[in-house]
Amino acid sequence: MGYFDGLASGSFKTSQDGRRLFFPWGVLGSGYAIASEQDYQRLRQHVKACTVVTLVAVIASGIYEPYLAPLAAAALLVCFYLAWMWRVLPRLQRSGERLSLQESMTSQAQAHSAVVLWLLAIASIVFVVTGVVMLVFDPGSRLTALACIVFFGLCAAKIARLLALRHRPAAPQL
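According to our numbering, the sequence shown is numbered sequentially starting from 1.
Pasting the structure below:
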């Protein structure tokens, strides 16, 4: 699976009775049962496409205005997602099941390849080091340096957690 497949996998799980469930709000809300395998594949592709568009739009908008444009793009895309869910969710049956953070992260860890996770970990560490270097040698960029250190430090921590989960043996199914 690719990087975006791995990100999308964190919004889905298969219940113990074999139903495919979608969690549009991640760990913050209950799940919705998906009627068929075809509907599951279609919804998964749409979530993946939404993730790709969001990442590209936020990064690309930063070219024009480093801070305000990405925030505006993100806000616009959140509104689009809310409208999309307003249209999609009434067609799905609420399952009442919840998605734990552990389940979401384990699903993502298994969906990403180890190579991709290691490359992301290395890139995150490089950006943290870059932020530290900026902080030391360019005090005028203190805010950017601190933002870089905090953001990519959190990224590195999450990726380290995903790598650890990839190597943990799967829990037995009851």
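For glycine and all other residues, C-beta sits at the position ideal for the given N, C-alpha and C.
Strand pairing of residue i, partner residues [DSSP]
i: Arg94; result: Tyr32
i: Leu21; result: Lys13, Ala33
Exposure label - residue i; buried when at least 16 CB within 10 Å
i: Phe137; result: exposed
i: Pro172; result: Caution is warranted here: a pLDDT of 47 is assigned to Pro172, below 50, making its placement in the model unreliable, and no coordinate value can be reported.
i: His112; result: buried
i: Ala109; result: buried
i: Ser15; result: exposed
i: Leu162; result: buried
i: Val150; result: exposed
i: Ser107; result: buried
i: Leu174; result: Its pLDDT being 40, under 50, Leu174 is placed unreliably in this model, and the value from its coordinates should be taken loosely. So Leu174 ends up on the exposed side.
i: Ile122; result: exposed
i: Ile159; result: buried
Collapsed DSSP secondary structure at residue i in the structure displayed
i: Arg42; result: helix
i: Pro66; result: coil
i: Arg161; result: helix
i: Leu99; result: coil
i: Arg168; result: coil
i: Asp5; result: helix
i: Ser107; result: helix
i: Ser113; result: coil
i: Ser141; result: helix
* Asked: Counting Cβ pairs, one atom from each stretch, are 3 or more of them under 8 angstroms apart for the stretch 26 to 46 and the stretch 136 to 156?
  -> They do not touch, by the three-pair rule.
Query - At least three beta-carbon pairs within less than 8 angstroms, the stretch 121 to 131 to the stretch 153 to 160 - result: The stretch 121 to 131 vs the stretch 153 to 160: in contact.
Check your understanding: Touch check for the stretch 26 to 41 and the stretch 66 to 84: three-plus C-beta pairs under 8 angstroms?
Key -> Because the criterion of three Cβ pairs below 8 angstroms is not met, the stretch 26 to 41 and the stretch 66 to 84 do not touch.
Open item on the list: Using 8 angstroms as the cut-off, can you tell me whether the stretch 47 to 65 makes contact with the stretch 2 to 15, which would need three or more C-beta pairs spanning the two stretches below that distance?
Closed with: Yes, the stretch 47 to 65 is in contact with the stretch 2 to 15.
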